[in-house]
Amino acid sequence: MQNDQGKVVEKFIPRKCSATQSIIQPKDHSSVQINVRKVNEKGVLIDQEFDSFIFCGKLRAGGKSDKALNRLACEKNIMKGVYKF
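For the sequence shown, the working numbering gives the first residue as 159, with consecutive numbering after it.
This is the structure we're talking about:
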């Protein structure tokens, strides 16, 4: 597919599950992307800075997405002092 400048662009950009590193299929309508905004020490939002977590439908159907989100947030020091993994 080409855009109006004649540059070739793709319709589908594959995404990977943040927890399992598996490619999310285009027909996986139960997959989600969760964006967590970054804040400073006082709790004030930092402009346009966030961490994205993408979970596939298979992980969500198994009920493992909440544990995966906690683990990934701890790895990125988002839940420092709140949750110990």
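All residues carry an ideal CB built from backbone N, CA and C; glycine is no exception.
Item                                                                                                      : Value
Beta-carbon separation (whole angstroms), Ile212 vs Ile182, contact threshold 8 Å                         : 7 Å
Beta bridge counterpart(s) of Arg173 as assigned by DSSP                                                  : Ile182
Residue environment, Ser180, which counts as buried when at least 16 other CB atoms sit within 10 Å       : exposed
Buried or exposed by the 16-neighbour rule on C-beta atoms within 10 Å, applied to Ala219                 : exposed
Buried versus exposed call for Ser223 [16 or more other C-beta atoms within 10 Å across all chains shown] : buried
Cα-Cα separation between Asn161 and Glu168, rounded to whole angstroms                                    : 10 Å
Helix, strand or coil at Asp224 according to DSSP, with G and I counted as helix                          : helix
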